[in-house]
Amino acid sequence: MTLVLGGARSGKSAYAEGLIEACPGPWLYLATAQAFDDEMVARIAQHRARRAGAWRTRDVPLALPEAVAASEGPVLVDCLTLWLTNLILAEADLDAATARLLAACAGAPGPVVLVGNEVGLGIVPDNALARRFRDAAGRLHQQLAARADRVVLTVAGLPLVVKPQAPTAGASA
Amino acid sequence: MTLVLGGARSGKSAYAEGLIEACPGPWLYLATAQAFDDEMVARIAQHRARRAGAWRTRDVPLALPEAVAASEGPVLVDCLTLWLTNLILAEADLDAATARLLAACAGAPGPVVLVGNEVGLGIVPDNALARRFRDAAGRLHQQLAARADRVVLTVAGLPLVVKPQAPTAGASA
Amino acid sequence: MTLVLGGARSGKSAYAEGLIEACPGPWLYLATAQAFDDEMVARIAQHRARRAGAWRTRDVPLALPEAVAASEGPVLVDCLTLWLTNLILAEADLDAATARLLAACAGAPGPVVLVGNEVGLGIVPDNALARRFRDAAGRLHQQLAARADRVVLTVAGLPLVVKPQAPTAGASA
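Protein chains in written order, with the working numbering: chain P, 1 to 173; chain B, 174 to 346; chain S, 347 to 519.
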């Protein structure tokens, strides 16, 4: 289980796809995006165009844990951020959904790579919904990171390894 | 002296508490938060509940340097961001306050761990006060980081060591 | 070629200047800032004051690739973010401009250090122009990072090496 976090346009999806494509296929792409406007339609089309034919795609705006649990090989979840947004809009129980996702990842037969937006490194947002979303994303990422074998933060398309990290003089202090 | 930076819900407080709790107690918690609204009251209560009985807590919205200077053992400062906010609201001299904090940390008898929010990695904020705060936070963090023995950036609850960092091929270029 | 990314007040310019000043001079400073308001005038003056006499400064709000191509020694580009802003305001072709910059960096006789703001790690901005800028910055940084010999993210004045990175157990997984 690998968690790939990154900012906007940081290359996190392309990096995550590369991790999955290094495994024997077929590969399952679990898409959580819902196209509410033209900007999102264009973004989804761009992501689909990049993926080659060996990918199967399933749209799971809400039923992500169930889809991970039913997987039979390598799975890419893209992305956690939109899944969380969909859950909040549907007024779902976030703790229960997180628990189901963690259980599904632990039980999946193949590698699972999850992509999420890191959104907590800017100024505190003005509106309460954005703050609530930011808090929920941080809690979800922390719980997944604690269980993940590997966590990376993509910066300008490059992976910065957060877990496991090379030992340093400081780490033993 | 350790500086723990991180985004919202990145696990920076829990990580910093763990650093202090690895030292022999008693442990001093210097809280800079002022509860102006219900959201903040809830957050403070949540932080207090997590800390075990071996912690003593002092509220120091402004007199943080003096409290660090008076400490007799391990000290956790949580957090720099709210201290800076309080200073700006009180129209205090930020350079003088920073100098007092640096001197207090240098003279403290036990380990000092300081927690701060990294807020500079988003889009430039619209309003001038947010920009001013962001600049002040960046300057404060730089000055503390230059003196600190160790600086970490928490990402999804995991520490990314910024100082000292493992040597790389690039570091010698 | 080195890419230095960082948040607001993260010490990226000072760090980049240090990289150039470690090379034999004279050093060329390519400034992309345009002083539209007092805040920017003050910031530019502060940056100029820090640089010693061995620096030559050229203002290139748009013609950055041409200036890099014409360079004869170490060059500092400060910063990509304002160059991109100027291009967007001038309704220039961003892909063509990026291609010219990449070619100029590849052909420059001396070391080139480019400074950019990392702006993608906060909440999604409300307004469409900010989102478009954020996307364009991410794409520009990715293309430069792919070609750069070294990429660092400055955090509180300290360089976090993103490329090349120390090998870890996780990197081989």
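The beta carbon of each residue, even a glycine, is placed where N, CA and C say it ideally should be.
Remember, it's a predicted structure, so these values are computed and weren't measured experimentally.
Looking only at its chain, what residues have a beta carbon closer than 7 Å to the beta carbon of S/R305, apart from the 5 residues adjacent to it on each side?
As shown, chain S starts at 347 and ends at 519. That puts residue 305 of chain S outside it, with no answer to give.
Counting only the same chain and skipping the five closest in sequence on each side, list residues whose C-beta sits under 8 Å from that of S/V414.
One-based indexing of the third sequence puts residue 414 of chain S at position 68. Correct list, in chain order: L376, V421, V423, L447, A450, C451, A454 and V458.
From which residue to which residue does the beta strand (DSSP E) around P/T57 run?
Locating residue 57 of chain P in the first sequence gives position 57, counting from the first residue. Where P/T57 is concerned, the enclosing beta strand (DSSP E) stretches over W55 to D59.
Look at the alpha carbon of B/A344 and the alpha carbon of S/T500, and state the distance between them as a whole number of angstroms.
Taking the first residue of the second sequence as position 1, residue 344 of chain B is located at position 171. Taking the first residue of the third sequence as position 1, residue 500 of chain S is located at position 154. With a pLDDT of only 39 at B/A344, under the threshold of 50, the placement of this residue in the model should not be trusted, and no figure is reported.
Name the chain S residues that come within less than 8 Å of P/E118, Cβ to Cβ?
Indexing the first sequence from 1 puts residue 118 of chain P at position 118. Here the neighbours are L467.
Check the Cβ-Cβ distances between P/V162 and every residue of chain B, and say whether any is below 7 Å.
As a position in the first sequence, residue 162 of chain P is number 162, starting the count at 1. Chain B contact via Cβ: present.
Where B/A181 falls, given that 16 or more other Cβ within 10 Å makes a residue buried:
Reading the second sequence from its first residue, position 8 is the one you call residue 181 of chain B. Of the residues assessed, B/A181 falls on the buried side of the cut-off, its CB having 16 or more other CB atoms within 10 angstroms.
Under a CB-based cut-off of 7 Å, is S/S356 close to chain B?
Position 10 of the third sequence holds residue 356 of chain S. For S/S356, at least one C-beta of chain B is nearer than 7 Å to its own C-beta.
By the three-class DSSP mapping on this structure, what secondary structure does P/R9 have?
Counting from 1 along the first sequence, the entry for residue 9 of chain P is found at position 9. P/R9 falls in the coil class under three-state DSSP.
For the beta strand (DSSP E) containing P/L129, name the first residue and the last one.
By one-based count along the first sequence, residue 129 of chain P stands at place 129. That residue, P/L129, is in no beta strand (DSSP E); its alpha helix (DSSP H) goes A128 to R147.
Taking only the alpha-carbon atoms, compute the straight-line gap between B/A218 and B/R224 and give it to the nearest angstrom.
Translated into positions along the second sequence, residue 218 of chain B becomes position 45. Translated into positions along the second sequence, residue 224 of chain B becomes position 51. The C-alpha of B/A218 lies about 10 Å from the C-alpha of B/R224.
Only counting the same chain, and skipping five residues up and downstream in sequence, which positions put a Cβ closer than 7 Å to that of B/S186?
In the second sequence, the residue the question calls residue 186 of chain B occupies position 13. A distance below 7 Å between beta-carbons, with the five flanking residues on each side excluded, links B/S186 to the following residues of its chain, in chain order: H220, D251 and V288.
Grab me the residues of P/I20's own chain with a C-beta within less than 8 Å of its C-beta, minus the 5 sequence neighbours each way, in chain order.
As a working mapping, residue 20 of chain P is identified with position 20 in the first sequence. For P/I20, the CB contacts under 8 Å within the same chain, skipping 5 residues up- and downstream, are W27, P74, V75, L76, P111 and V113 in chain order.
Under 8 Å by Cβ, that's how I've got S/L433 and S/A443 pegged, so tell me the actual separation to the nearest angstrom.
Locating residue 433 of chain S in the third sequence gives position 87, where the first residue counts as 1. Locating residue 443 of chain S in the third sequence gives position 97, where the first residue counts as 1. Their Cβ separation, rounded to whole angstroms, is 6 Å, which keeps S/L433 and S/A443 in contact under 8 Å.
Could you tell me whether the Cβ of P/A169 comes closer than 7 Å to any Cβ of chain B?
Your numbering for residue 169 of chain P matches position 169 in the first sequence. Legend: pLDDT at P/A169 = 40, less than 50; position of this residue unreliable, no value from coordinates given.
Can you confirm whether B/L326, when its beta carbon is compared against all beta carbons of chain S, has any partner nearer than 7 Å?
For the purposes of this step, residue 326 of chain B is taken as residue 153 along the second sequence, with counting starting at 1. Interface flag for B/L326 against chain S is set, since a Cβ pair is found closer than 7 Å.
Leaving out five residues on either side along the sequence, give the residues of the same chain with a beta carbon under 7 Å from the beta carbon of S/G484.
The residue you call residue 484 of chain S lines up with position 138 of the third sequence. Around S/G484: G466.
Is the Cβ of B/R307 closer than 7 Å to any Cβ of chain P?
Here residue 307 of chain B refers to the residue found at position 134 when the second sequence is read from its first residue. For B/R307, the nearest beta carbon of chain P is closer than 7 Å to its own beta carbon.
Where does the unbroken beta strand (DSSP E) through P/P159 begin, and where does it stop?
Working through the first sequence from its first residue, we reach residue 159 of chain P at position 159. Run containing P/P159: L158 to K163, per the beta strand (DSSP E) assignment.
Quick one: using the 10 Å Cβ neighbour count with 16 as the cut-off for buried, is B/E190 buried or exposed?
As a position in the second sequence, residue 190 of chain B is number 17, starting the count at 1. By the 10 Å Cβ count, B/E190 comes out buried.
Consider the Cβ of P/S172: report whether some Cβ of chain B lies at a distance smaller than 7 Å.
Here the question's residue 172 of chain P lines up with position 172 in the first sequence. Only weak support is given to the placement of P/S172: the predicted model assigns it a pLDDT of 37, under 50, and the value that follows is read from those uncertain coordinates. Not flagged as an interface residue toward chain B: P/S172, since no C-beta distance is shorter than 7 Å.
Please classify S/D441: does DSSP put it in a helix, a strand, or coil?
Taking the first residue of the third sequence as 1, we reach residue 441 of chain S at position 95. In this structure, S/D441 counts as helix in the three-state DSSP scheme.
Nearest CA to the CA of P/V60: which residue from P/L82, P/T2, P/V162 and P/H141?
Within the first sequence, the letter at position 60 stands for residue 60 of chain P. Measuring from the Cα of P/V60, the nearest candidate turns out to be P/L82.
On a CA-only basis, which of S/A482, S/G357, S/L408 and S/S417 is nearest S/D441? Give me that one, please.
The residue labelled residue 441 of chain S in the question sits at position 95 within the third sequence. Per the Cα distances, S/A482.
If I measure Cβ to Cβ from P/C23 and keep anything under 8 Å in the same chain, skipping five residues before and after, which residues do I get?
The residue you call residue 23 of chain P lines up with position 23 of the first sequence. G73, P74, G110 and P111, listed in sequence order.
Chain-ordered residues of the segment 230 to 256 of chain B with a beta carbon less than 7 Å from chain P:
From the segment 230 to 256 of chain B, no residue has a Cβ closer than 7 Å to chain P.
Mind checking whether P/L5 and P/L144 have CB atoms under 7 Å apart?
Walking along the first sequence from the start, residue 5 of chain P turns up at place 5. Walking along the first sequence from the start, residue 144 of chain P turns up at place 144. Not closer than 7 Å, so no.
Checking contacts by CB at 7 Å: is B/A215 closer than that to chain P?
Position 42 of the second sequence holds residue 215 of chain B. Interface with chain P (7 Å Cβ-Cβ cutoff): B/A215 is excluded.
So the alpha helix (DSSP H) S/A388 belongs to, where does it begin and stop?
Your numbering for residue 388 of chain S matches position 42 in the third sequence. Per DSSP, S/A388 belongs to the alpha helix (DSSP H) from D384 to R396.
Name the DSSP beta bridge partners of B/L287, please?
Within the second sequence, residue 287 of chain B is the residue found at index 114, counting from 1. Per DSSP, B/L176 and B/V250.
So, is B/G184 buried or exposed, given that buried needs 16 or more other C-beta atoms within 10 angstroms?
Counted from its first residue, the second sequence places residue 184 of chain B at position 11. Burial is judged here by how many other beta carbons sit within 10 angstroms of a residue's own beta carbon; B/G184 has at least 16 and is buried.
Checking the sheet assignment: what are the DSSP bridge partners for P/A31?
Counted from its first residue, the first sequence places residue 31 of chain P at position 31. Per the DSSP secondary-structure output, P/A31 pairs in a beta bridge with P/D59 and P/D78.
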